[in-house]
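Residue numbers (my numbering): 1 to 677. For each residue, glycine too, the CB sits at the ideal point set by N, CA and C. In what follows, a single structure is set out as structure tokens and then discussed.
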RNA sequence: UGCGGGGUGGAGCAGUGGUAGCUCGUUGGGCUCAUAACCCAAAGGUCGGAGGUUCGAAUCCUUCCUCCGCUACCA
């Protein structure tokens, strides 16, 4: 393995439209913090950079909704998150932000360099524009009625009800989610990064030179590369962000994914005038800690940008984690389904390490994992308290009782003693190799094994019995137990920094060097220790119940929100109504549209004609069961092609609160083509 | 839809061809220095389903089911 002179650790920039939650922590910030603390203890040159990602449309929307400026929104969350990280012991060397001056300059420079080198393609295209809000609309911000299933809340890119992907011009009655007005097409100019140009280079760099990356990361990259890369726009029409620094680019800003990773560079710049050695020296090892949603940006797009610029180094590894669920449900900022860090810190003061521990022990390293409060409690009570806290307490209490707090001399050791002493060194190596491979769960387990070893050693050696028959022997036993304790303060430090600081205070030991770990003479004979307190305390059921109740309340509130009857629509004239041709029809044939889950192809008799309609109802109706059924049809709806089939009209369905679709059938049989009015 | 990653005893995970393992929980026993903590032992799994390759499959192949993510101006 190559030896690096220094390390640059980056952690995904949290988006400043909400507070930090446990998903962020387990996926990104705890692993990066453990890694950084470990490297610092090794005495290597390492810096850890992070900051708020403060641009992009969602922030402008949130600002508009609250009637404040985007700056106010990002100021709010930047402040909350910066403080929460600090209080939680995530030890960034700098937590910067992308709305500051250094970043504007850095990002502009970066863009200009690529621009001057001719790395961009300039292209104009037609996009939807919201005339009321005066901005262009991403597909996601256009809503309308799905031509397929009639869902009125279909997005411009996809209908989430029937799962079909759409383009905005397919929507019936499209409107902007920002102002509600009808969007119009308008010509706009943008700059594109031709990713396809870097494809051969990326293929070699990732697929050949970085086979050691985690399978989820490597797999995702391979998939993208195998499909072929396309040029990607790097600018947007928006008034919030870093302005595109070229002539004639008024009203255009750098698109956030271009802007945000440069934030790592500007944060480093802000931290040290020496920033270039971290970014441009081949002997620096750069590691990006991110969540799985960010893989392509950090493995393909950002490296392509760096490569195009030409003077920067590339990441050596991108240890992306999967996602953490909360009590069996996806964590969601908008649904308030999360454990927020700033709230946890208030609810569980002084218990940073408990959350650090349970999130690391259950980190979603290879697949999505679930966080439950019961598990959190069990990890604390059965592991931190019972194994680690208890061992430390036993060792220190016995030493205080027998030797008045002075470390006794180690005499002749027996074979069991020797085995234990040897094991201490082995555990250090295990922790180390796991950390180097970004296997943090495993590393933590190994560190805890040292406390397990201590408990077993005491149980086997039984000093409380031996003291009555062979007091000399007990000195050796306790000496060894104390060496284990001292070792714990080192190997557990990256994971449990608050508790280990306490413990170091109790044993008057401050050698925080990784190189000391594994040694069996860390505490010399006669060294004085203090009276210990409790390293961890039990968490009672009521504390857990309180948290679970909080989540249940959220769930209830969300359900109430979802169960609301859709609001009434604007008044229309009778004329408007007469334009609509709704009539009864009978289903003659029904079959599933191949390779879809929700679509049925129906042949119906409308009285006027026999026609084909594609409808997104396959989840609720079996094809065989509905043949012969009488239904209501919107007959004069403009025809549309769906999955290559021309669909003429729409089957009317009543949508229940839970999204279930039910056919609207006449109470008595009527002839086909009867008008519904 | 396509692609990527998952589906292993009650829970969380490891294990990529050769007798199915770890942590927690459960049950029984031991110990009493310790926050009823600790130590020992046991029970508990046809490794998502089906088919195949092999002397032998959790591990390789085919297929299906299922969860999560991405699918390119949703950060």
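From residue 233 to residue 119, what does the alpha carbon distance come to, in whole angstroms? 12 Å
Looking only at its own chain, which residues have a Cβ that is under 6 Å from the Cβ of residue 177, when we skip the five neighbours before and after it? 141, 143
Just checking my contact of residue 97 with residue 43 at CB under 8 Å: how many whole Å lie between their CB atoms? The C-beta separation of residue 97 from residue 43 comes to about 30 Å, leaving the pair out of contact by the 8 Å criterion.
State the CB to CB distance for the pair residue 341 and residue 21, rounded to an integer number of angstroms; the pair is presumed to be in contact (CB under 8 Å). 6 Å
So, using beta-carbon positions, are residue 580 and residue 615 closer together than 8 Å? no
Would you identify the three-state DSSP class for residue 130, choosing helix, strand or coil? Here residue 130 sits in strand by DSSP.
Candidates 632, 49, 252: closest to residue 668 by CA position: Comparing Cα positions, the closest option is 632.
In the DSSP output, what is residue 279 paired with across the bridge? DSSP, once it has assigned bridges, lists no residue as partnering residue 279.
Here's a check: name, in chain order, each residue in its chain whose Cβ is nearer than 8 Å to the Cβ of residue 627, leaving out the five neighbours to either side. 587, 588, 589, 590
Status (buried if at least 16 other CB within 10 Å, exposed otherwise) for residue 310: exposed
Are the beta-carbon atoms of residue 272 and residue 4 separated by less than 8 Å? no
Supposed close pair residue 395, residue 481 - CB separation, criterion 8 Å: So it is a contact: roughly 4 Å between Cβ atoms.
Count the other C-beta atoms from every protein chain shown that fall within 10 angstroms of the C-beta of residue 389, then say buried if there are 16 or more, exposed otherwise. buried
Nearest-angstrom Cα distance between residue 538 and residue 552? One C-alpha to the other measures close to 24 Å.
DSSP on residue 230, reduced to helix/strand/coil? coil
Starting from the C-beta of residue 374, find all residues in its chain whose C-beta is less than 7 Å away, skip the five residues before and the five after it, and write them out in chain order. Excluding its 5 nearest sequence neighbours in each direction, residue 374 has C-beta neighbours in its own chain below 7 Å: 544, listed in chain order.
Determine the burial state of residue 448: buried for a count of at least 16 other Cβ atoms within 10 Å of its Cβ, exposed for fewer. buried
Assess, as a yes-or-no matter, whether the region 303-321 is touched by the region 504-514 under the definition of 3 or more beta carbon pairs within less than 8 Å. Between the region 504-514 and the region 303-321, the count of Cβ pairs shorter than 8 Å is below three; the stretches do not touch.
Return the CA-CA distance between residue 489 and residue 36, expressed in angstroms with no decimal places. 17 Å
To the nearest angstrom, how far is the alpha carbon of residue 237 from that of residue 345? If you take the alpha carbons of residue 237 and residue 345, they lie about 39 Å apart.
Could you check the C-alpha separation between residue 415 and residue 33 for me, to the nearest Å? The straight-line gap separating the alpha-carbon atoms of residue 415 and residue 33 is approximately 39 Å.
Since residue 680 contacts residue 536 with CB under 8 Å, what's their CB separation in whole angstroms? For the chain, the structure presents residues 1 to 677; residue 680 sits outside this window and is missing.
Pick out whichever of 53, 260, 38 has its Cα sitting closest to the Cα of residue 695. With the chain represented from 1 up to 677, any question about residue 695 goes unanswered, as that position is not in the structure.
Beta-carbon separation (whole angstroms), residue 316 vs residue 292, contact threshold 8 Å: So it is not a contact: roughly 19 Å between Cβ atoms.
Grab me the residues of residue 548's own chain with a C-beta within less than 6 Å of its C-beta, minus the 5 sequence neighbours each way, in chain order. 373
In whole angstroms, what is the alpha-carbon distance linking residue 367 and residue 103? 34 Å
Under DSSP, the beta strand (DSSP E) around residue 175 begins and ends at which residues? 172-176
Given a threshold of 16 other Cβ atoms within 10 Å of its Cβ, counted over all protein chains shown, does residue 451 qualify as buried or as exposed? buried
If I measure Cβ to Cβ from residue 256 and keep anything under 6 Å in the same chain, skipping five residues before and after, which residues do I get? 55, 56
Assigned secondary structure, residue 652 (DSSP; H/G/I helix, E/B strand, else coil): coil
Grab the span of the alpha helix (DSSP H) containing residue 109 for me, first residue to last. 101-116
Selected residue, minimal CA-CA separation from residue 502, among 607, 534, 494, 525: 534
According to the neighbour-count rule (16 or more other Cβ atoms, all chains shown, within 10 Å of its Cβ), is residue 574 buried or exposed? exposed
Backbone secondary structure at residue 492 - three-state DSSP: coil
Please report the distance separating the alpha-carbon of residue 684 from that of residue 376. No answer is possible for residue 684: it lies beyond the span of the chain, which begins at 1 and ends at 677.
Does the distance from the CB of residue 582 to the CB of residue 634 come in under 8 Å? yes
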